[in-house]
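Colleague:
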Amino acid sequence: MSKLNLSYLENPEIFNINRLEATSDHKYYKNVGEVKRGISSFKYYLNGSWKFNYSRNLNDIISNFYEEDYSVENWENIKVPAHIQLQGYDKPHYVNTMYPWDGHENIVPPEIPKVHNPVGCYVKEFEISEEFHCKPLYICFEGVESAFYLWLNGEFIGYSEDSFTPAKFYLTKHYKIGKNKLSVMVVKFCSGSWLEDQDFWRFSGIFRDVYLYTTPKTHISDMFIHTNLKDNYKNSDLNIEVNIKGELNSVIKASLFDSNGKIVTEIIEDVNNEKLMLYSEVKDIKLWSAEEPNLYTLIIEIIKNGQVLEVVKQKIGFRSFEMINNVMYINGKRIVFKGVNRHEFSCYTGRCLSREEMIWDIKTMKKNNINAVRTSHYPNQSEFYDLCDEYGLYVIDETNLESHGTWQGAGKINTKHIVPDSKLEWRECVLDRAKSMLERDKNHPSILIWSCGNESFGGENIYLMSEYFRNRDTSRLVHYEGVFNDRRFNDSSDMESRMYAKVTDIEEYLNNNPEKPFILCEYTHAMGNSNGGMHKYIELEEKYPMYQGGFIWDFIDQGLMTKDIYGEDYIAFGGDFDDRPTDYNFCVNGIVYADRKESPKMQEVKFNYQNIKIDVNFNKAIIKNDNLFINLNRYDFIWEHLQDGKVIEAGKLDVSVEPGNKIEIKLPITRGSDIGNYTIDVKAILKEDTLWGNKGYEVAFGQDYYEVIEKYNEDLVKNNITTDKSRIVISDCSINFGVRGEKFEVIYSKNYGGMISYKYNGKEFIDTIPKPNFWHAPTDNDRGNFMAYNCAMWKIASLYAKVININTSYDENSAKITYTYSFPTVPESKCYVTYTTLVDGTIDIKMEYKAVDNLPNMLDFGMIFTVPCIYENITWFGKGKEENYCDRNKGARFGVHKNKVSDNLSKYVIPQECGNKTDVKWVSVTDNLENGLIIKGDNFNFSALPYTPHELENAYHHYELPKVYHTVIRVSLMNSGIGGDDSWGAMPHDEYLIPSNRDMTFKFTIKGIE
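For the sequence shown, this note's numbering gives the first residue as 365, with consecutive numbering after it.
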């Protein structure tokens, strides 16, 4: 056999040479002491600094670098594990469905690019410790992208593909006492790359742990734990398949401990065969679920002549997952997945994640009522599943398979070069990927579903994958969304899974006697300012038993931290590294920003996913427990009665509700009599600390709102008489119309068409003239549905409105001026803005629009103006605390909220519409001395940003935005919904649009603050 046979790279039938069979990821130790410390002397990590040489393609490689006498002393050093593209070699390259060589080289499967196919040659010298002497030696690469050759001391060891499952090799024949030279050649693109067309950055290198390991004389090489629940899920059979290698004639002792360390059962068997089945019955089990992730600890000891040779530790969860009458059940209860898709990603290290980042992800999911995760679209690090077991998350474990670009391009299906389809040469390759995932992950209770991969069309090969899963593991179901596009092998999936189906499409399926339950493996596309209308999907959960939830696309933005030309940090996306072709910012679709900060969208996700439904109607609260297994008595329920954000009454509720039940509770509340905005909040908080949240953390809330308004003296209103003896002074000049009072002065321009000055207590507030506004900076969803193309006339109207008529009227108590606006793009449309100035300095503003047929929708209907940027403090009563929109405000709550203007500029990687607040009653905009304006109205929309919509729209990155000089205030009757069913054509739902064929009137007031 050749030591460097490059033909492997283009042969789909050769995907490994000498790689060992995949086995379970159980941990094994020398003795119980090592178990307690969690450190095994059988394992030796090779992580750290390696010698490295980079080549642009296979023509430039040093073909004999692996030889023992070849010196690498002058090579560069590189960190392992890590991607080479984040260490100065090659460059990060982002594409979605198209392959990265598209447009550079015209190749078809299984060919590989010749011009640009980066190769990394790694060398690591090591000496094995005495612990390893005279014992078998193995090596494990947890993840290498995407193909690699391995040598030890100049001898060829093996070859492997499949970037996301471990590759293990036997080294015993070629290692020696003293220094050993380990050589690895990693090739970025191989035939397997046609199967790794996931929507992600294209990296390469050794990006997961590498370690040497040995085994004792008698070793448990593989184990498969089966729990068969029975007696109404109260008891269980425990079957443990054990494979043993090495010397037999020993004793195996298996002990099961509960979470308190109490022994539950013990099994002792003689070891006379390589395969054993250990059996016991376990009674009164504590079930594992995402709500109560009860884990038992299995300790298996291999004992010979009274000496412990090996100790295995494995966590066990007793749970049942099954299909009953075409509905999926967990432990006998209908499950609803409140899920997210999750790429392994860090803005600093790409797909090389730390344990701390994984824990942050899982805690964030748990805190926001997310109960499920799909490992899109490859098996994750083994440790992630340990954490899902421990913290409690339901997992769809997905095979490393996506060939989207072989069958769909530019939105059209073309199956000429599709892989794997039913092609024999690809069959064993994809079956191997399925096997490698299942065999490693099979003992994790968190994994409920095996997935055959993503967006790879259909065919017999994928069906055979699904059959492998079913035959090997009867305790889980099988998922594959691709049958929606290709029904030839419809049984490849046990459930009907779709992406981005509209609510009406889902209901059509569910209303036509379906044979399979329905899930959305991807939905409510979270690209930029998105996730509007999510509640419509949630409403299906109670309406249709066979609707069983979905998985948001996706959890975290795939943005990379880098520097601009001035050395400042920023989050980069596709194209920022001169990577072409690219799909630009389509990699940033998360409800979490790339730097692991929650985006404002998370507020809505948390509410929609909450398992405790709280319906508050003044002094009555209906509390429903949508959990499957836990009573609500583990939470404290707090109620508060607030007036304009101040608590006036509060108390604690005694709530005990079994799963699936609800209770109605009377609240001891007295209706407020003073003028103001009142809320009644009921919230459920953690009663005790948990793994993921501290005592007092809020998991769910419900709210009611009412208002006590001022009672006016009708006679005074009718006669327009004020009890205040103040009078206004009018200066109706040829160019300007001025109004002056005791503390204020306003100037309205007849030339420029609007209010050019508003002074209160001597301070000027107007930087730019308030104008009608019908536009917001396009969101990613707007760009996807060509909103700017369809609605551009309203942008022009907002920028270039012309005053064509002015009317004034006044007396000593008030002054009124009305501007009539015409628009260059819609001359038949008219807008009227009336300012009425009162003696106390209040300005009533009324904006009127007369309907015109056959015009596109508006993006906004309101007024926009700027004040100096020193007015940077925002306080409002309305929905908050995060930005919210008419189609994304279920999770926003009424109250008094405060922030800075800069806080409202959301960190979506491309600047876009953001920062809006709905159902606002009043808002103050002040400087640090509390000078400023107060704006009042009835359920208006409001935003205060450092930039105008047009400035936001003109910037492609945040660093392109200008210096801040203004606070841009937008007060609106309505801001268009932001949508989110998908980001490539879907519009916001009709009820959240602003049609231009209806009359509209909007009123609000502004006034200087005393």
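All C-beta atoms, glycine included, are put in the ideal place defined by N, C-alpha and C.
#1: In whole angstroms, give me the CA-to-CA distance for tyrosine 1329 and methionine 1119.
#2: Are at least three pairs of beta-carbons, each pair with one atom in the stretch 439-459 and one in the stretch 480-490, less than 8 Å apart?
#3: Identify the residues that DSSP records as bridge partners of cysteine 485: which are they?
#4: Based on the DSSP output, what are the partners of aspartate 979 in its beta bridges?
#5: Between tryptophan 724 and the rest of its own chain, which residues show a CB-CB distance below 8 Å, the 5 nearest in sequence each way excluded?
#6: Which class does aspartate 433 belong to by DSSP, given the choice of helix, strand or coil?
#7: Let me know the secondary structure DSSP gives lysine 1082 once reduced to three states.
#8: Given that a residue counts as buried once 16 or more other Cβ atoms are within 10 Å of its Cβ, and exposed if not, what is aspartate 1354?
#9: Could you tell me the distance, in whole angstroms, from the CA atom of serine 1178 to the CA atom of phenylalanine 1368?
#10: Pull up the CB-CB distance for threonine 1143 and glycine 892, whole angstroms please, since I reckon it's below 8 Å.
#11: In chain order, what residues of the same chain have a beta carbon less than 7 Å from the beta carbon of glutamate 819, not counting five sequence neighbours either side?
#12: Considering only residues of the stretch 729-786, which uninterrupted alpha helix (DSSP H) runs meet the minimum length of 4 residues and lie entirely inside it, listed in chain order?
#13: Is it true that the CB of alanine 890 sits closer than 9 Å to the CB of aspartate 918?
#14: Output the distance between the C-alpha atoms of proline 580 and phenylalanine 406, rounded to the nearest integer angstrom.
#15: Please name the residue, chosen from Val1265, Glu1013, Leu1055 and Asp1008, that lies closest to isoleucine 1039 on a Cα-to-Cα basis.
#16: Assuming lysine 537 contacts tyrosine 502 under a Cβ cut-off of 8 Å, what Cβ separation, rounded to an integer in Å, is found between them?
#17: Mind checking whether asparagine 1305 and methionine 1338 have CB atoms under 9 Å apart?
#18: Could you tell me the distance, in whole angstroms, from the CA atom of valine 1081 to the CA atom of valine 1289?
#19: Beta carbon of lysine 1285, beta carbon of glycine 1242: below 9 Å?
#20: Span of the alpha helix (DSSP H) holding glycine 1148?
#21: From leucine 996 to glutamate 754, what does the alpha carbon distance come to, in whole angstroms?
#22: Which ranges would you report for the alpha helix (DSSP H) in the stretch 787-856 if only whole runs of at least 4 residues count?
#23: Would you call the stretch 670-682 and the stretch 804-814 touching, i.e. three or more CB-CB distances under 8 Å?
#24: Give me, in chain order, the residues of the same chain whose beta-carbon lies closer than 6 Å to that of lysine 1059; leave out the 5 immediate sequence neighbours on both sides.
#25: Kindly give me the distance between the Cβ atoms of lysine 1254 and phenylalanine 971, rounded to whole angstroms, as I take these residues to be in contact under 8 Å.
#26: Please confirm if the stretch 1266-1276 is in contact with the stretch 1320-1335, defined as three or more CB-CB distances below 8 Å between the two stretches.
#27: Could you check what DSSP says for glutamate 1028 in three-state terms: helix, strand or coil?
#28: Taking Cβ positions, are lysine 780 and asparagine 735 nearer each other than 9 Å?
#29: Select from Lys617, Ser653, Ala654 and Ile632 the residue whose C-alpha is nearest the C-alpha of glutamate 674.
#30: Let me confirm a value: lysine 799 is counted as buried when at least 16 other C-beta atoms fall within 10 Å, else exposed. Which label applies?
#31: In whole angstroms, what is the alpha-carbon distance linking threonine 888 and asparagine 895?
#32: Identify, in the order they occur along the chain, each residue of the same chain with its Cβ nearer than 6 Å to the Cβ of aspartate 928, setting aside the five sequence neighbours on each side.
#33: Going by DSSP, name the residue or residues bridged to glutamate 440.
#34: What is the C-beta distance between glycine 913 and glutamate 905, in whole angstroms, given that I count them as a contact (C-beta under 8 Å)?
#35: Using a threshold of 9 Å, state whether the C-beta atoms of phenylalanine 817 and serine 786 are closer than that.
#36: Mind checking which residues open and close the beta strand (DSSP E) that includes isoleucine 1092?
Modeller: Short version:
#1: Taking the first residue of the sequence shown as 1, we reach residue 1329 at position 965. Taking the first residue of the sequence shown as 1, we reach residue 1119 at position 755. For tyrosine 1329 and methionine 1119, the distance between alpha carbons rounds to 20 Å.
#2: yes
#3: Taking the sequence shown and counting its residues from 1, one reaches residue 485 at position 121. Asn417 and Met549.
#4: For the purposes of this step, residue 979 is taken as the residue at position 615 of the sequence shown. Answer by DSSP bridge pairing, in chain order: Ile986.
#5: Locating residue 724 in the sequence shown gives position 360, where the first residue counts as 1. For tryptophan 724, where only same-chain residues beyond five positions count, the Cβ hits under 8 Å are Arg960.
#6: Residue 433 sits at position 69 when you count from the first residue of the sequence shown. The answer is coil: DSSP assigns aspartate 433 none of H, G, I, E or B.
#7: Within the sequence shown, numbered from 1, the residue matching residue 1082 stands at position 718. Residue placement at lysine 1082 cannot be trusted, given a pLDDT of 43 that sits under 50; the coordinates are not used to answer.
#8: Here residue 1354 refers to the residue found at position 990 of the sequence shown. By the Cβ-count criterion, aspartate 1354 is exposed, with fewer than 16 other Cβ atoms from all chains shown falling within 10 Å of its own Cβ.
#9: For the purposes of this step, residue 1178 is identified with residue 814 of the sequence shown, where counting begins at 1. For the purposes of this step, residue 1368 is identified with residue 1004 of the sequence shown, where counting begins at 1. A straight-line Cα-Cα distance of about 16 Å links serine 1178 and phenylalanine 1368.
#10: Indexing the sequence shown from 1 puts residue 1143 at position 779. Indexing the sequence shown from 1 puts residue 892 at position 528. Rounded to the nearest angstrom, the Cβ distance from threonine 1143 to glycine 892 is 5 Å, consistent with a contact under 8 Å.
#11: Indexing the sequence shown from 1 puts residue 819 at position 455. The residues are Glu766, His768 and Gly846.
#12: 746-755 and 768-771
#13: Position 554 of the sequence shown, counting from 1, holds the residue named residue 918. Position 526 of the sequence shown, counting from 1, holds the residue named residue 890. In this structure, alanine 890 lies closer than 9 Å to aspartate 918 by Cβ.
#14: Translated into the one-based positions of the sequence shown, residue 580 becomes position 216. Translated into the one-based positions of the sequence shown, residue 406 becomes position 42. Proline 580 and phenylalanine 406: Cα-Cα distance of roughly 8 Å.
#15: Here residue 1039 is taken as the residue at index 675 of the sequence shown, counted from 1. For isoleucine 1039, the nearest C-alpha among the options comes from Asp1008.
#16: Position 173 of the sequence shown holds residue 537. Position 138 of the sequence shown holds residue 502. By a beta-carbon distance limit of 8 Å, lysine 537 does not contact tyrosine 502. Their separation comes to about 12 Å.
#17: The residue you call residue 1305 lines up with position 941 of the sequence shown. The residue you call residue 1338 lines up with position 974 of the sequence shown. Yes.
#18: For the purposes of this step, residue 1081 is taken as the residue at position 717 of the sequence shown. For the purposes of this step, residue 1289 is taken as the residue at position 925 of the sequence shown. Legend: pLDDT at valine 1081 = 39, less than 50; position of this residue unreliable, value from coordinates given subsequently. Roughly 29 Å between the two C-alpha positions.
#19: Position 921 of the sequence shown, counted from the first residue, corresponds to residue 1285. Position 878 of the sequence shown, counted from the first residue, corresponds to residue 1242. Going by C-beta atoms, lysine 1285 is nearer than 9 Å to glycine 1242.
#20: The residue you call residue 1148 lines up with position 784 of the sequence shown. Counting along the chain, the alpha helix (DSSP H) containing glycine 1148 begins and ends at 1144-1148.
#21: By one-based count along the sequence shown, residue 996 stands at place 632. By one-based count along the sequence shown, residue 754 stands at place 390. Distance between the alpha carbons of leucine 996 and glutamate 754 is about 21 Å.
#22: 788-805 and 824-836
#23: yes
#24: Locating residue 1059 in the sequence shown gives position 695, counting from the first residue. Leu1050, Glu1052 and Asp1053.
#25: Within the sequence shown, numbered from 1, the residue matching residue 1254 stands at position 890. Within the sequence shown, numbered from 1, the residue matching residue 971 stands at position 607. Lysine 1254 to phenylalanine 971, Cβ: 5 Å. Contact.
#26: The stretch 1266-1276 vs the stretch 1320-1335: in contact.
#27: One-based indexing of the sequence shown puts residue 1028 at position 664. If DSSP states are grouped into helix, strand and coil, glutamate 1028 belongs with the strands.
#28: As a working note, residue 780 is residue 416 in the sequence shown. As a working note, residue 735 is residue 371 in the sequence shown. Not closer than 9 Å, so no.
#29: Taking the sequence shown and counting its residues from 1, the one referred to as residue 674 is at position 310. With distances taken between Cα atoms, glutamate 674 lies closest to Lys617.
#30: In the sequence shown, the residue the question calls residue 799 occupies position 435. With 16 or more other Cβ atoms within 10 Å, it is buried.
#31: In the sequence shown, the residue the question calls residue 888 occupies position 524. In the sequence shown, the residue the question calls residue 895 occupies position 531. Roughly 5 Å between the two C-alpha positions.
#32: Along the sequence shown, one-based indexing puts residue 928 at 564. Tyr934 and Tyr1323.
#33: By one-based count along the sequence shown, residue 440 stands at place 76. DSSP output for glutamate 440 lists Phe416 as bridge partner(s).
#34: Residue numbering aside, residue 913 sits at position 549 when the sequence shown is read from its first letter. Residue numbering aside, residue 905 sits at position 541 when the sequence shown is read from its first letter. Rounded, the Cβ-Cβ distance is 7 Å, consistent with contact.
#35: Residue 817 sits at position 453 when you count from the first residue of the sequence shown. Residue 786 sits at position 422 when you count from the first residue of the sequence shown. Inspection of the sequence shows that residue 817 is occupied by glycine rather than by phenylalanine. Not closer than 9 Å, so no.
#36: As a position in the sequence shown, residue 1092 is number 728, starting the count at 1. Here isoleucine 1092 belongs to no beta strand (DSSP E), and DSSP marks it neither H nor E.
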